[in-house]
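Residue numbers (our numbering): 1 to 364.
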């Protein structure tokens with residue numbers, strides 16, 4: 001099993017997709033992390049998540065404070081959106097460009113929405129363009145320079161550049177550049193895949209290290225990277241082992257700590273390979289995974305369950321309680337991540353879910 005010098009926990013900043021942050025060592029046995037979609041905030045308090053929200057940190061700060069106030073009003077006395085961490089410096093960086101930062105660096109236009117996270121346009125690179133691809137020079141890259149200018153504003157106005165950029169994972173980023181042809185390339189042009197993966201991995205490392213250096217200038221030390229393997233179930237375990245595991249290992253070595261996000265997929269086919277990754281500080285998976293095996297194989301990492309928002313919305317409270325009891329028995333200590341809650345979800349269901357976790361924690 002790979003070694004781990006850190007532990008990370010799930011983190012959903014108001015208005016942001018899920019990412020990770022360092023664990024404090026004081027996490028409860030079952031730690032719920034609840035997140036709401038931009039559409040939820042749009043319908044409740046009228047926030048516009050269009051391009052300005054991602055490019056104007058002053059405007060984003062104003063809306064983040066509004067989102068936190070709304071969470072305090074609806075869920076008083078809870079930890080939703082970090083509203084319990086009143087003494088900590090504010091985070092106005094996380095959320096920026098959603099999950100499209102690396103695509104933006106490679107020149108893919110982003111499509112913004114008033115009530116959703118940005119997406120990248122479906123302008124995929126040709127065979128020749130992939131074969132000739134090189135990692136961009138970040139010092140001359142206009143997209144990345146605009147991002148770094150936002151960190152300068154945050155430092156000047158807040159003192160500390162708290163927060164994280166979601167650099168995604170090698171497979172996710174490659175798919176945004178190549179599209180569905182990527183999965184054919186794995187069979188028909190494996191060297192092309194390796195070249196594309198190498199380019200995006202290099203960019204992820206260089207961009208994250210530049211960001212971390214800027215943050216250290218404001219006394220914020222980020223000592224990890226987190227990757228999103230949302231598309232891993234589109235490749236076989238053998239393909240993951242041959243093509244992608246080396247890059248996840250490379251990222252782990254570059255930062256000394258890595259968190260791996262799998263969405264709510266069944267992680268069973270990839271679990272043994274994940275266990276080989278050094279410095280694994282976080283791993284999440286879906287409820288249909290073999291949780292007992294995961295706890296044994298991935299004992300040193302902080303584990304999390306990605307609880308499907310559809311299950312959260314549609315299951316009875318009795319069924320949800322049974323799920324939580326199974327997670328506590330077979331998998332905990334862990335996070336339970338309920339991300340992407342949509343508008344229309346009753347607050348009472350969120351509060352009852354939190355109460356269920358509290359009741360289980362009280363007897364551990």
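Idealized CB from N, CA, C, for every residue including glycine.
Under the DSSP definition of a beta bridge, which residues are partnered with residue i?
i, result
"residue 11", "19"
"residue 36", "341"
"residue 74", "According to DSSP, residue 74 bridges with nothing at all."
"residue 306", "337"
"residue 67", "Looking at the DSSP assignment, residue 67 forms no beta bridge with any residue, so it has no partner."
"residue 261", "228"
"residue 358", "Paired residue(s): none; residue 358 is not in a bridge."
"residue 119", "111"
"residue 241", "DSSP lists no partner for residue 241."
Using the Cα positions of residue i and residue j, report the straight-line distance between them to the nearest angstrom.
i, j, result
"residue 26", "residue 221", "20 Å"
"residue 290", "residue 101", "33 Å"
"residue 154", "residue 47", "20 Å"
"residue 143", "residue 95", "16 Å"
"residue 139", "residue 113", "28 Å"
"residue 284", "residue 137", "33 Å"
"residue 241", "residue 295", "21 Å"
"residue 313", "residue 156", "42 Å"
"residue 151", "residue 362", "41 Å"
"residue 53", "residue 98", "11 Å"
Closest to residue i by C-alpha separation, out of the options, would be which residue?
i, options, result
"residue 354", "189, 32, 11 and 16", "32"
"residue 346", "10, 104, 75 and 290", "75"
"residue 50", "175, 117 and 273", "117"
"residue 336", "364, 363 and 303", "303"
"residue 10", "129, 205 and 263", "263"
"residue 234", "279, 180 and 40", "180"
"residue 324", "286, 301 and 298", "286"
"residue 162", "89, 253, 343 and 321", "89"
"residue 333", "280, 307 and 299", "299"
"residue 331", "6, 29, 23 and 8", "29"
"residue 45", "224, 338 and 115", "115"
"residue 276", "267, 297 and 268", "297"
"residue 307", "278, 274 and 266", "266"
"residue 236", "228, 273 and 212", "273"
"residue 357", "34, 8 and 19", "34"
"residue 71", "40, 56 and 214", "40"
So residue i packs on residue j, CB below 8 Å; how close in whole Å?
i, j, result
"residue 131", "residue 175", "Rounded, the Cβ-Cβ distance is 17 Å, inconsistent with contact."
"residue 178", "residue 243", "Going by Cβ atoms, the distance from residue 178 to residue 243 rounds to 13 Å, so no, they are not a contact pair."
"residue 224", "residue 6", "6 Å"
State whether the region 239-255 contacts the region 162-182, with contact taken as three or more CB pairs (one from each stretch) at a distance under 8 Å.
The answer is yes - the region 162-182 touches the region 239-255, with three or more Cβ pairs under 8 Å.
Examine the Cβ distances between the region 49-65 and the region 9-19 and report whether three or more of them are shorter than 8 Å.
Result yes; three or more Cβ-Cβ pairs closer than 8 Å.
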